[in-house]
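Chemist: For reference, the structure I am asking about is given below.
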Amino acid sequence: MKALLILSPLGLITLLSVILTPTAWAAWANEEVGVQGNSQPDESILEANPSSVRLPSTVSGSAESIVETSAEPNATRLSSPQSHAEVHPPISPLPDSPTSRPATTVADWVAQIEASQVQITGVRLEPTETGLSIVLETAAGDLPTPTTQTVGNALTADIPNAVLALPEGEMFEQFGPAEGIALVSVTSLPDGGVRVSITGTDAPPQAEVSTEAGNLVLSVVPGVATAADADEAIQVIVTGEEAGSDYFVPNASSTLRTDTPIRDTPSSVQVIPQQVIEDQGATNAREVVRNAAGVNFAESAGNRDERFIIRGFEAEQFRNGFRDDFLSSATQTELANVDRVEILKGPASILFGRAEPAGIINFVTKKPLREPFYEIAFTAGSFDFYRPTLDFSGPLTENGNLAYRLNAAYENAGSFRDGVETERFFVAPTLSWEISPDTELSLEFSYLHDTRPIDRGLVVLSDDEVADIPFDTFLGDPDGRLDFDETRTELYLDHRFNSNLSLRSLIRYTTSDVNGSTIEIDGESEDDRNFPISDTRQDQSFETFTIQNDLIAKFDTGEIEHTLLFGLEYANTFFGSAPTIRTGATIDIFDPSREFIFDESGSFDFEQSSDSIGIYLQDQIALLDNLKLVVGGRFDTFSQEETFDGEVTETEADAFSPRVGIVYQPIQPVSLYASYTRSFTPVSGVNIDNEPFDPERGTGFEIGVKTEIIEDRLFSTLAFYDTTLTNVTTEDPDNPNFSVQTGEQRSRGIELDVQGEILPGWNIFAGYAYTDAEVTEDNEIPVGNRLVNVPEHNFNLWTTYTLQEGDLAGLGFGAGVFYVGERAGDLDNSFFVDDYVRVDAAIYYERENYRFALNFKNLFDAEFIEGTAGRTEVIPGAPFTVLGTVSVKF
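Per my numbering, residue 669 is the first one in the sequence shown, and the count goes up by one each step.
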């Protein structure tokens, strides 16, 4: 109970409130940062004469700007005349306060600096009759008058002595907020202060500055292009919500647990953003993750799930950093509320606990917005596919402290497989409450109902070839269906104690129920025609409870910068099943009939429960500006109890998983990295001496190069890796009825990923992977056998181009080529499935708030096998498919 109290958000905050007393932090500020005795910062900084301080004068650019007096009280007009002027607003003497007296410690010095800066806590855009009003909200204090300059079509206003403290992140960006305005962005300046950039579509806008209820207001009027500046004007055409940068996401904070950019991380990380999902018309997870090099679809557990391979091993799936295996997600992942997919390749146990050395796939959900956003979409296509969705978000209070997001979807679809029809309903409301500028509480809930038959695809015959039957042949009964009901409740608490210390606490509770009947092949045939079939009446229930706490501290030791991550995680799971199974029937795969006669029946009870605790510590150390070191480790303890018809089996595992990595940047856009990581996976069972098996251990070595080919636009990662899985169970040669842990499997290869914008309007998402994955030690399986569902070569290319100007601006085209090499169907390598090439295409048109799209999937109608789960589950890929989507934002 004490452990649970400490692990809970309330318990951790209470503990921190005791530890983080002013006295303790004063000592930390003086000792840990490296201040000794009465050492003080440079007196020239601390004793600046206020009367000599002047706001920055106007900065010259392609055009000059001055500050003019407006007729309105407390108002200043920003424009772009041809003359120069300097403005020196009066500055009041500083009052006698703790922040105005000379500092004697670093803590006092930092307090003075922070106290002198005005926090911008919110940005609101409000349409007006003449253009747009930009409101900069502050927690306390008045913002100084900004200085401006005009470059091309952009008017920028720099605000000194200000700092951004926005709930939605480190910057604000809004494309096309009003007619004549292409972009409004609010960002932090490198040397302090905040910049507001307003870009016009045809000419630089004008802005009038005033104060309103303590907030700074910029009243913006779009500029009018003239012949004099036509040659210099920069025309901006907005064709999407984040035109031009939608294919490159520089951070993966949900996966990496810190705000460290991907280029500063000694591992291969790829983010598949929302725009790629939308452009490809993806309706399931397999169509999303195929965009990452080295990631392949494996199997579907009979059409109820989707499982993937990364670098030769099965990848664990997560949602918002929470484990999302079959215990919390009993059926296929719903994408309606998914914002992006983050993929971390290689052993990842330091952050995520038990997992194979493949890496992890993390689905990140959409968050509430502080600006109103409404979108309705409808998709229809081949095989009676119909899917309406909605995405609503915005503030619930006038000040925007309370915001919501609502995602919903309904899907009713047939299939190219005869009689395989699915139906699902999904709703996901989310609330976000900004309790203060430093504290935010978010509540996410989702409910999914899904119904579908179990479909295990095709079978392999005794000649080790896939049966030559039409791909649309369903070897089951369409009336045998499973109903899935899932609920998720997630609570997030984000609190920032100060600019260097923050806490993120998460709690999740999930339930799932599966009921219905599954009729499926359950064995091999004696005559290569009639296969045994069974009918299972399912009654399954799942429950999970998880707590996570991440404490992030940033501090310096001398000239060395640290980002320290300390985390605690507790998880409890339960799974119960009481099926009734009927056997004795057969199905003719060449002439299937639905008239099954079962002559035997049986049932059993199965329960599984588990508890796990993980504690981890990681330090990201900036030794130099261009040299970074990552060192960390995680200790996990795992216990599981299984009861099968009264017989109990217990599994326990303890493991320490270290991580060491280094990043060196010879030049700013290039990062060279190397890493060593480990993973662990618990193994059930005992050996001949009745001793429980040790966990499987994964060990990964990786080196690579990350290159920002075009700053903030185009990014690539080249990785070379070698991963080994040890403690694999294999037959005990001296006791054939038992197993020993002498097996070993290895995967090594090369990966290249490229994503981003090549030229304005031209985006690319591409990758290539060479994977050599094989059995290296085993007592049963021949050494050298290839691992299941792992192609030696796979290649993916998706590219789009959108017209940027003219009458057809907003018209776009997309094309994709996806190649997957030959794969082994089982570890015995008794059969293989052929390689394939799938070609996709898209055409879309965006105008104002409307988007129309046509997606053509498997354009040349190739026949191919997507994946396998053995000789009686070979999954055919879908033939040529067309989907049309209409969406409107308002």
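Beta carbons are placed, not taken as given, at the ideal position from N, Cα and C, and that holds for glycine. From a predicted model like this one, the values you see are computed outputs, not experimental measurements.
1. With distances taken between CB atoms, is the gap from I1255 to L1129 smaller than 8 Å?
2. Using three-state DSSP, classify A1437 as helix, strand or coil.
3. Taking just the CA atoms, how far does R931 sit from P918?
4. Hey, E984 and A920 are a contact pair by Cβ (cut 8 Å); roughly how many whole angstroms apart?
5. Enumerate in chain order the residues of its own chain whose CB-to-CB distance from F1312 is below 8 Å, with the five nearest sequence positions on each side excluded.
6. At a cut of 8 Å, does the region 1001-1009 reach the region 1178-1188 through at least three beta carbon pairs?
7. Between S747 and E1227, what straight-line distance do the alpha-carbon atoms span, to the nearest angstrom?
8. Measuring CA to CA, which of F1520, G844 and E1399 is closest to E1445?
9. By the three-class DSSP mapping on this structure, what secondary structure does D932 have?
10. Which residues in the same chain have their Cβ closer than 6 Å to the Cβ of W1430, if we skip the five residues on either side of it in sequence?
11. What first and last residue would you give for the alpha helix (DSSP H) that runs through F1020?
12. Only counting the same chain, and skipping five residues up and downstream in sequence, which positions put a Cβ closer than 6 Å to that of V892?
13. Between the alpha carbons of I1418 and N964, how many angstroms are there, rounded?
14. Using a Cβ-Cβ cutoff of less than 6 Å, which residues in the same chain neighbour P758 once the five nearest sequence positions on both sides are dropped?
15. Given a threshold of 16 other Cβ atoms within 10 Å of its Cβ, counted over all protein chains shown, does F1210 qualify as buried or as exposed?
16. The beta strand (DSSP E) spanning Q985 covers which residue range?
17. Is there contact between the region 1230-1237 and the region 1252-1270, where contact requires at least three CB pairs shorter than 8 Å?
18. What residues in its chain sit with their C-beta under 6 Å from that of F1046, if we drop five residues either side in the sequence?
19. Nearest CA to the CA of L1150: which residue from T855, P828, F1306 and Q1000?
20. Whole angstroms is fine: what's the gap from V727's alpha carbon to P814's?
21. Tell me which same chain residues have a C-beta within less than 8 Å of the C-beta of T1540, skipping the five on either side of it?
22. Since E1112 and S997 are thought to touch, with beta carbons under 8 Å apart, how far apart are those beta carbons, to the nearest angstrom?
23. How long is the line joining the alpha carbons of G1372 and D1421, rounded to whole angstroms?
24. Going residue by residue through the region 1409-1470, where are the continuous beta strand (DSSP E) segments of at least 3 residues, counting only ones entirely within it?
25. Mind checking R979: buried by the 16 CB within 10 Å criterion, or exposed?
26. Which residues does DSSP pair with D1162 in a beta bridge?
27. Would you kindly check if the distance between the Cβ of P828 and the Cβ of P812 is under 8 Å?
28. Please classify L851: is it buried, with 16 or more other beta-carbons within 10 angstroms of its beta-carbon, or exposed?
29. Is it the case that the Cβ atoms of T1367 and R1381 are separated by a distance below 8 Å?
30. Using the DSSP secondary-structure output, state which residues sit across from D1279 in a beta bridge.
31. Helix, strand or coil, according to DSSP, for R979 in the structure here?
32. Could you pull the start and end residues of the beta strand (DSSP E) that Q938 belongs to?
33. Output yes or no for whether 8 Å exceeds the beta carbon distance between T787 and P1063.
34. Out of curiosity, what's the CA-to-CA distance linking F1243 and D1279?
35. Mapping DSSP to helix, strand and coil, what is T813?
36. Can you grab the Cα-Cα spacing for the pair F1499 / G1493, in whole Å?
Modeler: Short version:
1. no
2. strand
3. 8 Å
4. With 8 Å as the limit, E984 and A920 do not qualify as a contact, their Cβ atoms being about 16 Å apart.
5. F1272, D1273 and F1274
6. no
7. Model confidence at S747 stands at a pLDDT of 40, short of 50, so the residue's coordinates are unreliable and nothing is read from them.
8. E1399
9. helix
10. Y1469
11. S1017 to F1020
12. A871
13. 15 Å
14. With a pLDDT of only 39 at P758, under the threshold of 50, the placement of this residue in the model should not be trusted; the figure read from the coordinates follows. Hits under 6 Å: none found.
15. buried
16. E984 to R987
17. no
18. P1056 and V1554
19. Q1000
20. A caution first: V727 carries a pLDDT of 35, below 50, which makes its placement in the model unreliable, though a value can still be read off. Roughly 11 Å between the two C-alpha positions.
21. R1124, V1127, V1128, I1189, D1190, G1191, E1192 and F1199
22. Rounded, the Cβ-Cβ distance is 15 Å, inconsistent with contact.
23. 11 Å
24. 1430-1445 and 1461-1470
25. buried
26. E1108 and R1172
27. yes
28. buried
29. no
30. N1240 and S1307
31. coil
32. V937 to I940
33. The residue you asked about is not Thr; residue 787 is Gln in the sequence shown. No, these two residues do not count as a Cβ contact at 8 Å.
34. 12 Å
35. coil
36. 5 Å
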